[in-house]
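Protein chains: 2
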Amino acid sequence: MTSSKRERTRSRLGECALDLFEEHGFEATSVAQIARAAGVTEMTFFRYFGTKGQAVLTDPFDPVIAEAVGARPIGEAPLLRAVRGMRSALGGLSEADLSTTRRRVGVVARTPALRAEAVLQNEETSAAIAGRLVADGAEPFAAAVAVQAVLAALTAALYEWAEDPARSLTECVGAALDVLEEGRA
Amino acid sequence: MTSSKRERTRSRLGECALDLFEEHGFEATSVAQIARAAGVTEMTFFRYFGTKGQAVLTDPFDPVIAEAVGARPIGEAPLLRAVRGMRSALGGLSEADLSTTRRRVGVVARTPALRAEAVLQNEETSAAIAGRLVADGAEPFAAAVAVQAVLAALTAALYEWAEDPARSLTECVGAALDVLEEGRA
DNA sequence: CAAGAAATGTTATAGACTAACATTACGTGC
DNA sequence: GCACGTAATGTTAGTCTATAACATTTCTTG
Chain U
364 MTSSKRERTR
374 SRLGECALDL
384 FEEHGFEATS
394 VAQIARAAGV
404 TEMTFFRYFG
414 TKGQAVLTDP
424 FDPVIAEAVG
434 ARPIGEAPLL
444 RAVRGMRSAL
454 GGLSEADLST
464 TRRRVGVVAR
474 TPALRAEAVL
484 QNEETSAAIA
494 GRLVADGAEP
504 FAAAVAVQAV
514 LAALTAALYE
524 WAEDPARSLT
534 ECVGAALDVL
544 EEGRA
Chain Z
364 MTSSKRERTR
374 SRLGECALDL
384 FEEHGFEATS
394 VAQIARAAGV
404 TEMTFFRYFG
414 TKGQAVLTDP
424 FDPVIAEAVG
434 ARPIGEAPLL
444 RAVRGMRSAL
454 GGLSEADLST
464 TRRRVGVVAR
474 TPALRAEAVL
484 QNEETSAAIA
494 GRLVADGAEP
504 FAAAVAVQAV
514 LAALTAALYE
524 WAEDPARSLT
534 ECVGAALDVL
544 EEGRA
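So the protein lines, in turn, are chains U and Z.
Mapping of the first sequence onto our numbering: residues 364 to 548, in sequence order.
Mapping of the second sequence onto our numbering: residues 364 to 548, in sequence order.
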């Protein structure tokens, strides 16, 4: 009722894609297979996802982070603001509802083509956050560098989290951000 | 004698690809066009470059950096060691012989698919540098995070350098590394 | 239940890449 | 300089991602 047909088809495609990618690997599963598993046509798949990879590259973090970074005091240096904003953003996420995210990130972590495609996703997040910093007076290039560095650290943390079942998300991300924050002179 | 046939064909393909990418854009030029311009077959192109993008993704920096990072004192924190090693590595490059590199980076900077593919190149560099840090006692995850952050900053600097003809390479890279090292804006 | 809109299907096409096999060009010893 | 082995290139055929134009079905709402 609350979910339209469109939403249901989309999530069904996403789930089938994730299942197949985990079972056979990303490269070894074709869009036709995914579509068939979801009961639709190849064409329909591409109406929902621009590329095969985007079926697992939907990032739930992106919207949250920019806001948290913006909430940090304006006086802080861009790098610190980005680091600390991200830390608080991820602290608020419950580990529970992240299980499928973990599966998705795991597939990405194991697939070169997906790791590559993921940076395009990151660029959008990056631009949003950097824009926020610039609006508060930061120099554009410095802001861009700071944000990209922090996102690189976050990405490394996500891949670590997805592949080591023993570590929690906040643990991995926290450790990664520590490297950036403490490594300063 | 100085250059085998293989080497000549390879560089001819690379030059033709760069020319065509600059003139028509990466997406709008087909491998068939590149091959024809270089006087060979599509098939031959793929014998030299695994993908269309690799024709312009040959990175001359990768070999140099790992060594320079390794040369930094072992006591430094991973992030600082990576930052300072990279700074000294690029200081030794002459701005003169980097003109085609600048053209290549420019094409990459303007093309999403190439920016994405470039990270796979970066991963190899990253692994080499991180390996060096780990061999000197750094914790693996911290080393990986530090190196990836520094490479993200370097990449941002390279894109800036390629697109702003007024700025020098050392200037761009130096400014980017300053952000990581001092956090200043 | 009709009528418009949203979702899906059909067909056709371009282009990146792969594989198996045939052919030409190269360089090295004699 | 010539034969011979090998490296380089060509040929052909195919798979798969992605796009476009057009037809058809399925929802939804008055």
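Here a beta-carbon is modelled for each residue, glycine too, at the ideal position from N, C-alpha and C.
Of all Cβ atoms in chain Z, is any one closer than 8 angstroms to the Cβ of glutamate 480 of chain U? Stepping through the first sequence from its first residue, residue 480 of chain U is reached at position 117. At least one chain Z Cβ lies under 8 angstroms of glutamate 480 of chain U.
With 8 angstroms set as the bound, which would you pick, yes or no: does the beta-carbon of glycine 537 of chain U sit closer than that to a beta-carbon of chain Z? Mapped onto the first sequence, residue 537 of chain U falls at position 174. No, glycine 537 of chain U lies away from the interface with chain Z (no Cβ there is under 8 angstroms from its Cβ).
6 angstroms Cβ shell around glutamate 523 of chain U - same chain, five flanking residues per side excluded: Residue numbering aside, residue 523 of chain U sits at position 160 when the first sequence is read from its first letter. Here the set comprises Cys535.
Write down every uninterrupted run of the alpha helix (DSSP H) in the stretch 422-447 of chain U whose length is 4 residues or greater and which is fully enclosed by it, in chain order. 425-433
Which listed residue (U:Thr464, U:Ala476, U:Ala431, U:Leu456) has its alpha carbon closest to that of methionine 449 of chain U: As a first step, residue 449 of chain U must be located in the first sequence, where it is residue number 86. With distances taken between Cα atoms, methionine 449 of chain U lies closest to U:Ala431.
Does alanine 516 of chain Z come within less than 8 angstroms of chain U when only Cβ atoms are used? In the second sequence, counting from the first residue as 1, residue 516 of chain Z sits at position 153. Cβ-Cβ to chain U under 8 angstroms: yes for alanine 516 of chain Z.
Is the distance from the Cβ of leucine 483 of chain Z to the Cβ of alanine 418 of chain Z below 8 angstroms? Here residue 483 of chain Z refers to the residue found at position 120 when the second sequence is read from its first residue. Here residue 418 of chain Z refers to the residue found at position 55 when the second sequence is read from its first residue. No, Cβ-Cβ distance for leucine 483 of chain Z and alanine 418 of chain Z is not below 8 angstroms.
Quick check: the Cα distance between glycine 537 of chain Z and alanine 493 of chain Z, rounded to an integer number of angstroms? The residue labelled residue 537 of chain Z in the question sits at position 174 within the second sequence. The residue labelled residue 493 of chain Z in the question sits at position 130 within the second sequence. The alpha-carbon of glycine 537 of chain Z is positioned some 21 angstroms away from that of alanine 493 of chain Z.
Taking all protein chains shown into account, do 16 or more other C-beta atoms lie within 10 angstroms of the C-beta of arginine 371 of chain Z, making it buried, or fewer, making it exposed? Locating residue 371 of chain Z in the second sequence gives position 8, counting from the first residue. Looking at its Cβ environment, which holds fewer than 16 other Cβ atoms inside 10 Å, arginine 371 of chain Z is exposed.
Between which two residues does the alpha helix (DSSP H) harbouring proline 528 of chain Z extend? Residue 528 of chain Z sits at position 165 when you count from the first residue of the second sequence. Run containing proline 528 of chain Z: none; DSSP gives neither H nor E here.
If contact is defined by three or more beta carbon pairs under 8 angstroms, each pair taking one atom from either stretch, is the stretch 419-429 of chain Z in contact with the stretch 396-405 of chain Z? no
Pairing CB atoms from the stretch 499-516 of chain U with CB atoms from the stretch 457-468 of chain U, are three or more of them under 8 angstroms? no
Three-state secondary structure (DSSP) of serine 367 of chain Z: Position 4 of the second sequence holds residue 367 of chain Z. DSSP places serine 367 of chain Z in coil when its eight states are reduced to three.
Comparing the C-beta of leucine 477 of chain U with each C-beta of chain Z, is any distance below 8 angstroms? Numbered from its first residue, the first sequence carries residue 477 of chain U at position 114. For leucine 477 of chain U, the answer is no, since every Cβ of chain Z falls outside 8 angstroms of its Cβ.
Would you kindly work out how many angstroms separate the C-alpha atoms of alanine 501 of chain Z and valine 394 of chain Z, rounded to a whole number? By one-based count along the second sequence, residue 501 of chain Z stands at place 138. By one-based count along the second sequence, residue 394 of chain Z stands at place 31. Their backbone Cα atoms lie some 44 angstroms apart in a straight line.
Taking 8 angstroms as the cut-off, decide whether the C-beta atoms of glutamate 458 of chain U and serine 531 of chain U are in contact. In the first sequence, the residue the question calls residue 458 of chain U occupies position 95. In the first sequence, the residue the question calls residue 531 of chain U occupies position 168. In contact: glutamate 458 of chain U and serine 531 of chain U (Cβ atoms closer than 8 angstroms).
Short check: CB of phenylalanine 389 of chain Z to CB of alanine 525 of chain Z, under 8 angstroms? One-based indexing of the second sequence puts residue 389 of chain Z at position 26. One-based indexing of the second sequence puts residue 525 of chain Z at position 162. Taking 8 angstroms as the Cβ cut-off, phenylalanine 389 of chain Z and alanine 525 of chain Z do not qualify as a contacting pair.
Under the three-state DSSP convention, the category leucine 420 of chain U falls into: For the purposes of this step, residue 420 of chain U is identified with residue 57 of the first sequence, where counting begins at 1. Looking at leucine 420 of chain U - three-state DSSP - the assignment turns out to be coil, as it is neither helix nor strand.
Checking 8 angstroms against the spacing of the C-beta atoms, do aspartate 527 of chain U and threonine 488 of chain U come in under that value? Here residue 527 of chain U corresponds to residue number 164 of the first sequence, with the count starting at 1. Here residue 488 of chain U corresponds to residue number 125 of the first sequence, with the count starting at 1. Going by C-beta atoms, aspartate 527 of chain U is not nearer than 8 angstroms to threonine 488 of chain U.
If you follow the alpha helix (DSSP H) that valine 471 of chain U is in, where does it begin and where does it stop? The residue given as residue 471 of chain U occupies position 108 in the first sequence. That run of the alpha helix (DSSP H) goes 462-473.
Could you say which of U:Thr474, U:Phe412, U:Ala505 lies nearest to proline 441 of chain U if we only look at CA atoms? The sequence position of residue 441 of chain U within the first sequence is 78, counting from 1. Considering only U:Thr474, U:Phe412, U:Ala505, the residue with the shortest C-alpha distance to proline 441 of chain U is U:Ala505.
Residues of the stretch 506-533 of chain Z whose Cβ lies closer than 8 angstroms to any Cβ of chain U, in chain order: Ala507, Val508, Ala509, Gln511, Ala512, Val513, Leu514, Ala515, Ala516, Thr518, Ala519, Ala520, Glu523
Residue nearest to leucine 456 of chain U in terms of C-alpha spacing, selected from U:Pro423, U:Glu480, U:Thr414, U:Arg495: Within the first sequence, numbered from 1, the residue matching residue 456 of chain U stands at position 93. Closest option to leucine 456 of chain U, Cα to Cα, is U:Pro423.
Cβ separation of proline 503 of chain Z and valine 497 of chain Z, assumed to be a contact under 8 angstroms, to the nearest whole Å: As a working note, residue 503 of chain Z is residue 140 in the second sequence. As a working note, residue 497 of chain Z is residue 134 in the second sequence. That belief holds up - the Cβ atoms of proline 503 of chain Z and valine 497 of chain Z are roughly 5 angstroms apart, short of 8 angstroms.
Using the beta-carbon count (16 or more within 10 Å), is threonine 549 of chain Z buried or exposed? With chain Z represented from 364 up to 548, any question about residue 549 of chain Z goes unanswered, as that position is not in the structure.
Say whether chain U places a C-beta atom closer than 8 angstroms to the C-beta of proline 441 of chain Z. Looking up residue 441 of chain Z in the second sequence gives position 78. Closer than 8 angstroms: yes.
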